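Numbering (this note's numbering), first residue to last: -16 to 172.
Below you can see the structure in the form of structure tokens.
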């Protein structure tokens, strides 16, 4: 959405400050990830930051049945209009990943859990079809290509969005590059 140098230091600071706010059962800070409240707060904070003209970002926090992948999904719409989406999904545990694009049947995703190959027994149990593609040559765009079918599952399985009551996403647009009807010219013959 943005070039690295266009992101003010305050944004990085506040992401670091407000995320990883959950404690493990042993009392270790950050070991249980980021709470729903932190994601909602950060989304609202970024919108306010835009209002004072510090960063041209538009954020929308969605939950529950609004969070799904499909033709009528707000997530797919955002990806098709040049936006990005942070979603909570399952890996070995619940965690956040960044969706950066879509085609007719796949989501292009940046998963912060780094893998350089999907070859061991661990992966064969999660991806028996072998249809999740690991991408190593697009580090600024995505590192996974995942078929739509993985996301809408309600079980705790690889890349599932999970039960509707636990689903959340933050849709992000760069206000200057968002594709809108007003910015799009169509020619009819």
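Using N, Cα and C, we set each Cβ at its ideal position, and we do this for glycine too. Owing to the predicted nature of the structure, the values given are computational and were not obtained by experimental measurement.
Between the CA atoms of residue j and residue i - distance to the nearest angstrom
{"i": "residue 56", "j": "residue 50", "result": "7 angstroms"}
{"i": "residue 147", "j": "residue 7", "result": "24 angstroms"}
{"i": "residue 73", "j": "residue 19", "result": "15 angstroms"}
{"i": "residue -12", "j": "residue -6", "result": "12 angstroms"}
{"i": "residue 61", "j": "residue 68", "result": "8 angstroms"}
{"i": "residue 149", "j": "residue 114", "result": "26 angstroms"}
{"i": "residue 151", "j": "residue 29", "result": "17 angstroms"}
{"i": "residue 138", "j": "residue 47", "result": "15 angstroms"}
{"i": "residue 85", "j": "residue 64", "result": "10 angstroms"}
{"i": "residue 0", "j": "residue 143", "result": "27 angstroms"}
{"i": "residue 98", "j": "residue 82", "result": "17 angstroms"}
{"i": "residue 94", "j": "residue -4", "result": "21 angstroms"}
{"i": "residue -15", "j": "residue 122", "result": "15 angstroms"}
{"i": "residue 66", "j": "residue 128", "result": "17 angstroms"}
{"i": "residue 119", "j": "residue 36", "result": "35 angstroms"}
{"i": "residue 117", "j": "residue 141", "result": "14 angstroms"}
{"i": "residue 133", "j": "residue 153", "result": "19 angstroms"}
{"i": "residue 75", "j": "residue 25", "result": "25 angstroms"}
{"i": "residue 31", "j": "residue -9", "result": "14 angstroms"}
{"i": "residue 161", "j": "residue 14", "result": "35 angstroms"}
{"i": "residue 96", "j": "residue 52", "result": "21 angstroms"}
Cβ-based burial, residue i [other Cβ within 10 Å; buried from 16]
{"i": "residue 9", "result": "exposed"}
{"i": "residue 163", "result": "exposed"}
{"i": "residue 45", "result": "buried"}
{"i": "residue 189", "result": "This structure leaves residue 189 out entirely; the chain is present only between -16 and 172."}
{"i": "residue 89", "result": "buried"}
{"i": "residue 58", "result": "buried"}
{"i": "residue 91", "result": "buried"}
{"i": "residue 145", "result": "buried"}
Residue i, DSSP secondary structure in three states
{"i": "residue 1", "result": "helix"}
{"i": "residue -12", "result": "helix"}
{"i": "residue -6", "result": "helix"}
{"i": "residue 62", "result": "helix"}
{"i": "residue 13", "result": "coil"}
{"i": "residue 93", "result": "strand"}
{"i": "residue 84", "result": "strand"}
{"i": "residue 157", "result": "strand"}
{"i": "residue 57", "result": "helix"}
Take every Cβ of the stretch 156 to 165, pair it with every Cβ of the stretch 34 to 41, and state whether three or more of those distances are shorter than 8 angstroms.
-> Yes: the two stretches touch, three or more of their Cβ pairs being nearer than 8 angstroms.
Entirely enclosed beta strand (DSSP E) segments - the stretch 115 to 155, minimum 3 residues | Qualifying beta strand (DSSP E) stretches, in chain order: 127 to 130.
Pairing CB atoms from the stretch -4 to 5 with CB atoms from the stretch 20 to 27, are three or more of them under 8 angstroms?
-> The stretch -4 to 5 is in contact with the stretch 20 to 27.
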